[in-house]
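Trainee: Just dropping this structure here.
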Amino acid sequence: MSEKQTLGFQAEVKQLLQLMIHSLYSNKEIFLRELISNASDASDKLRFEAINNASLFENDPELQIQVSFDKEARTITIADNGIGMSKADAIEHLGTIAKSGTKEFFGKLSGDQQKDAAMIGQFGVGFYSGFIVADRITVETRRAGLPADQAVRWESEGAGDFSVEDIVKEGRGTSITLHLREGEDEFLSAWKLKSVIRTYSDHISLPIKMQKEEWDEEKKEQVLKDELETINQASALWARSKSEITPEQYDEFYKHVSHDYSAPLTHTHNRVEGRSEYTQLLYIPARAPFDMWDRNKRGGIKLYVKRVFIMDDAEQLMPVYLRFVKGVIDSNDLPLNVSREILQESRDIKAIREGSTKRVLGMLEDLANADGDDAKEKQDKYATFWKEFGQVLKEGVGEDNANKERIAKLLRFASTHNDSDAQNVSLADYLSRAKEGQDKIYYVTAESYATAKNSPHLEIFRKKGVEVLLLTDRVDEWMLSFLNDFEGKELASVAKGGLDLGELEDEAEKKQHEETQTEFKDLVEKMKAALTDKAKDVRVTFRLTDSPACLVADEHDLSGNLARMLKAAGQSAPESKPILEVNPDHPLVQKLKYEVNKFDDWSHILFDQALLAEGGNLSDPSAFVKRLNEMLLSK
Numbered sequence: 055m056s057e058k059q060t061l062g063f064q065a066e067v068k069q070l071l072q073l074m075i076h077s078l079y080s081n082k083e084i085f086l087r088e089l090i091s092n093a094s095d096a097s098d099k100l101r102f103e104a105i106n107n108a109s110l111f112e113n114d115p116e117l118q119i120q121v122s123f124d125k126e127a128r129t130i131t132i133a134d135n136g137i138g139m140s141k142a143d144a145i146e147h148l149g150t151i152a153k154s155g156t157k158e159f160f161g162k163l164s165g166d167q168q169k170d171a172a173m174i175g176q177f178g179v180g181f182y183s184g185f186i187v188a189d190r191i192t193v194e195t196r197r198a199g200l201p202a203d204q205a206v207r208w209e210s211e212g213a214g215d216f217s218v219e220d221i222v223k224e225g226r227g228t229s230i231t232l233h234l235r236e237g238e239d240e241f242l243s244a245w246k247l248k249s250v251i252r253t254y255s256d257h258i259s260l261p262i263k264m265q266k267e268e269w270d271e272e273k274k275e276q277v278l279k280d281e282l283e284t285i286n287q288a289s290a291l292w293a294r295s296k297s298e299i300t301p302e303q304y305d306e307f308y309k310h311v312s313h314d315y316s317a318p319l320t321h322t323h324n325r326v327e328g329r330s331e332y333t334q335l336l337y338i339p340a341r342a343p344f345d346m347w348d349r350n351k352r353g354g355i356k357l358y359v360k361r362v363f364i365m366d367d368a369e370q371l372m373p374v375y376l377r378f379v380k381g382v383i384d385s386n387d388l389p390l391n392v393s394r395e396i397l398q399e400s401r402d403i404k405a406i407r408e409g410s411t412k413r414v415l416g417m418l419e420d421l422a423n424a425d426g427d428d429a430k431e432k433q434d435k436y437a438t439f440w441k442e443f444g445q446v447l448k449e450g451v452g453e454d455n456a457n458k459e460r461i462a463k464l465l466r467f468a469s470t471h472n473d474s475d476a477q478n479v480s481l482a483d484y485l486s487r488a489k490e491g492q493d494k495i496y497y498v499t500a501e502s503y504a505t506a507k508n509s510p511h512l513e514i515f516r517k518k519g520v521e522v523l524l525l526t527d528r529v530d531e532w533m534l535s536f537l538n539d540f541e542g543k544e545l546a547s548v549a550k551g552g553l554d555l556g557e558l559e560d561e562a563e564k565k566q567h568e569e570t571q572t573e574f575k576d577l578v579e580k581m582k583a584a585l586t587d588k589a590k591d592v593r594v595t596f597r598l599t600d601s602p603a604c605l606v607a608d609e610h611d612l613s614g615n616l617a618r619m620l621k622a623a624g625q626s627a628p629e630s631k632p633i634l635e636v637n638p639d640h641p642l643v644q645k646l647k648y649e650v651n652k653f654d655d656w657s658h659i660l661f662d663q664a665l666l667a668e669g670g671n672l673s674d675p676s677a678f679v680k681r682l683n684e685m686l687l688s689k
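With this note's numbering applied, the sequence shown corresponds to residues 55 to 689, in that order.
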């Protein structure tokens, strides 16, 4: 036997323990759900490892979870005969958080207890929830396959450190004993524990057992018997008929597989038959996880084969742009010893992936296009989904060509039709309001809603009452390279290429524009010469009504917004100069026709103003200020 070692918690664990105790105290019961969920996972892992090494079952093949309590000692014990932990495992898993994204997780905590509680759940650290009700936790565990004398006792009061020591433990698996804080005696009751288990853990596929109770006439109270009874249904929830499952049970199972403390927005539960037979239970969460933008993070789907757990986060079962989906897929066809490598090559997996992708898109369509009595509720849920996951779904336009049209119908944008930055306009909505003769869907991209809304490029569209989509998500520019049209209408940037309003312009306007271009031909040539280092071209424009000038990108060049985004991300972008367009009706431009001494300075000021108006950065701000000051003082 080794001596007891005392080790310090990782700094993040200390911080997490404080958050756990204070943020989750209003929902104390979840500690039992979390510890039972961990016990279930440990049994799943044993079952999986035992596929190739049946000796891990030792002489105890019946997997189960036992919950017991001791009124006198004021303890609750959750015990399983799952995979168990070695001493190194206990130190690593119970003393540190080895997850990637730890820094981002703590950086996103707001101090709002309710929001932080949801974040804690998503981080998947349910073991520490025991400290909500306990001031000391004792863990005794032995990994399956190790001898009895290589078990370990881990103990902590949830402060700065924990102790570990070697012990002898005949049975494999883990028992967690909670030494309750003062005032938590309500949990020292069989009725209370059974009630919590049936509420939160009825879906667990293993039997959860407790000692039976019977009435003792002499003592006038319930007393525990040696005989055990199963508290939960002990069957895989997804394997049950939908008619047997309540909405509450669906929600609790979601919390089990996702470690989220909030209910999901919606779910789909189906048995698929045909060339590939499988069951899917898939959920759309109501809140994005802290690591949503880690595209290397594996997906949220647990893979089972004939009810046997195979792996967590089977990313081959769902495309990357649907990485927010949580749930379970249980195949009848895959081999039990399936590996990640086999999954990549499997035709069955390809069929499951395609079928599951369609189911998820169908769920989203059901929310987005709802009608009937529950339409408002469903549409509100879709608005929540879009706010949390819309940018991720946009990735699908470029990644999933087979479903591009379905995804395009689910997209939502801000637009000049509304007075807010809410992204609630679909492409179909836009087309329903299109002007007679309008053959394009117009959009502008910018770094922020304010910049997009105030873009000078919108002036002629406002004048003619033509709606423009305001795109401000970082993924938009990339998405638009794959989304060229919708229902036969081209998507056109108002800030790229020449202005072509098609039938929105009458013949009289076109004739007048030709005459104006001839009138300003000399001015344009002089400005080109003055701005040869900055502008690719200078031309007269009729897209402006109030501003003197604007910048546009040539038809096949990167937009100014995309070039700035790439530069900010430290990536190289092809060098291309913008085109300066000037408004012939603006007093500054008309005055410039007759300017002799300060012509070049005025030209540079117009260019720099146009760059600032679209959210760009001046290459030489001091030169701009100097020119502007000289102009102001010369008057």
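For each residue, glycine too, the CB sits at the ideal point set by N, CA and C.
Check whether the Cβ atoms of residue 635 and residue 570 sit closer than 7 Å, and answer yes or no.
Mentor: It is not a contact, given that the beta carbons lie outside the stated cut-off.
Trainee: Please work out which residues of its chain come closer than 6 Å, Cβ to Cβ, to residue 152, disregarding the five sequence neighbours upstream and downstream, and give them in chain order.
Mentor: Since pLDDT at residue 152 reaches only 48, below the 50 mark, its modelled position is unreliable, and no value is offered.
Trainee: With a floor of 4 residues, list each alpha helix (DSSP H) that falls wholly inside the stretch 276 to 355, ordered by position along the chain.
Mentor: DSSP runs (the alpha helix (DSSP H)) wholly in the stretch 276 to 355: 301 to 312.
Trainee: Locate the beta strand (DSSP E) running through residue 380, then write down its first and last residues.
Mentor: Unbroken beta strand (DSSP E) run through residue 380: 380 to 385.
Trainee: Would the stretch 233 to 246 count as touching the stretch 284 to 298 if we require 3 or more Cβ pairs under 8 Å?
Mentor: Contact between the stretch 233 to 246 and the stretch 284 to 298 is absent, because fewer than three Cβ pairs lie under 8 Å.
Trainee: Could you check whether the stretch 394 to 412 touches the stretch 323 to 336, counting it as contact only if at least three pairs of C-beta atoms, one from each stretch, sit closer than 8 Å?
Mentor: Touching, yes, given that three or more Cβ pairs across the two stretches are closer than 8 Å.
Trainee: Can you find the residues in the same chain that come closer than 7 Å, C-beta to C-beta, to residue 106, ignoring five residues on each side of it along the sequence?
Mentor: Result list for residue 106: 391, in chain order.
Trainee: Would you mind working out which of 211, 573, 388 sits nearest residue 360, comparing C-alpha positions?
Mentor: Of 211, 573, 388, the residue nearest in Cα terms is 388.
Trainee: Once you ignore the five residues that flank residue 139 on each side, which residues in its own chain have a CB closer than 6 Å to its CB?
Mentor: Excluding positions up to five away in sequence, the list reads 195, 197.
Trainee: Where in the stretch 540 to 590 do unbroken runs of the beta strand (DSSP E), each at least 3 residues long, occur, reported from the N-terminal end onward?
Mentor: Within the stretch 540 to 590, the complete beta strand (DSSP E) runs of at least 3 residues are 543 to 547.
Trainee: Give the range of the beta strand (DSSP E) segment to which residue 58 is assigned.
Mentor: First-last for residue 58: undefined, no H or E at that position.
Trainee: Counting Cβ pairs closer than 8 Å, one from the stretch 519 to 533 and one from the stretch 472 to 490, do we hit at least three?
Mentor: Yes: at least three Cβ pairs fall under 8 Å.
Trainee: Quick one: grab the DSSP three-state call for residue 152.
Mentor: Caution is warranted here: a pLDDT of 48 is assigned to residue 152, below 50, making its placement in the model unreliable, and the coordinate value is therefore given only provisionally. Note: residue 152 maps to coil in three-state DSSP.
Trainee: Does DSSP classify residue 70 as helix, strand or coil?
Mentor: In the structure shown, residue 70 sits in a helix (DSSP, three-state: H, G or I).
Trainee: Mind checking who residue 120 pairs with in its DSSP beta bridge?
Mentor: Bridge partners of residue 120: 133, 263.
Trainee: In the DSSP assignment, find the unbroken beta strand (DSSP E) run with residue 494 in it and report its ends.
Mentor: Its beta strand (DSSP E) spans residues 494 to 499.
Trainee: Hey, how far is the Cα of residue 394 from the Cα of residue 104?
Mentor: Each residue's Cα considered, the two are about 18 Å apart.
Trainee: Using 10 angstroms around the beta-carbon of residue 250, count the other beta-carbons present and answer buried if the total reaches 16, otherwise exposed.
Mentor: So residue 250 counts as buried.
Trainee: Put residue 450 into one of helix, strand or coil per three-state DSSP.
Mentor: Of the three classes helix, strand and coil, the one that applies to residue 450 here is helix, per DSSP.
Trainee: By Cβ distance below 7 Å, which residues in the same chain neighbour residue 320 in space, the five residues on each side in sequence not counted?
Mentor: Excluding residues within five positions, the ones whose Cβ falls inside 7 Å are 338, 417, 421, 435.
Trainee: When DSSP labels each residue in this structure, what does residue 139 get in the three-state scheme?
Mentor: Coil.
Trainee: Check the DSSP bridge columns for residue 228 and list the partner residues they point to.
Mentor: Paired residues: 134, 195.
Trainee: Kindly indicate which three-state DSSP category residue 65 falls into: helix, strand or coil?
Mentor: Helix, per DSSP.
Trainee: Nearest to residue 219 by CA position, among 149, 574, 141, 526, is which residue?
Mentor: Nearest option by C-alpha distance: 141.
Trainee: Could you pull the start and end residues of the beta strand (DSSP E) that residue 210 belongs to?
Mentor: Where residue 210 is concerned, the enclosing beta strand (DSSP E) stretches over 205 to 210.
Trainee: Can you check whether the C-beta of residue 510 is within less than 7 Å of a C-beta belonging to chain D?
Mentor: This model lacks chain D altogether; it includes just one protein chain.
Trainee: Does the Cβ of residue 57 have 16 or more other Cβ atoms within 10 Å, making it buried, or fewer, making it exposed?
Mentor: Exposed, since its Cβ has fewer than 16 Cβ neighbours within 10 Å.
Trainee: Keeping to the same chain, check which residues put their C-beta closer than 7 Å to that of residue 188; ignore five residues upstream and five downstream.
Mentor: Counting only Cβ-Cβ distances below 7 Å, and skipping sequence neighbours, we find 232, 233, 234, 235.
Trainee: So residue 514 and residue 546 are in contact, right, with Cβ under 8 Å, and what is the actual spacing, rounded?
Mentor: Not confirmed; about 13 Å, so no contact.
Trainee: Can you look up residue 648 in the DSSP assignment and give me helix, strand or coil?
Mentor: Of the three classes helix, strand and coil, the one that applies to residue 648 here is coil, per DSSP.
Trainee: Got a sec? Which residues, its chain only, sit under 7 Å from residue 681 by beta carbon, not counting five neighbours each side?
Mentor: Here the set comprises 655, 658, 659.
Trainee: Evaluate residue 690 with the Cβ neighbour count: other Cβ atoms within 10 Å of its Cβ, from every protein chain shown; 16 or more gives buried, anything less gives exposed.
Mentor: Here the chain comprises residues numbered 55 to 689, so residue 690 is not present and cannot be evaluated.
Trainee: Which value, in whole angstroms, describes the spacing of the CA atoms of residue 64 and residue 149?
Mentor: Approximately 6 Å between the Cα atoms of the pair.
Trainee: Could you check what DSSP says for residue 471 in three-state terms: helix, strand or coil?
Mentor: Coil at residue 471, not helix or strand.
Trainee: Using only CA atoms, which one of 452, 428, 376 lies nearest to residue 415?
Mentor: With distances taken between Cα atoms, residue 415 lies closest to 376.
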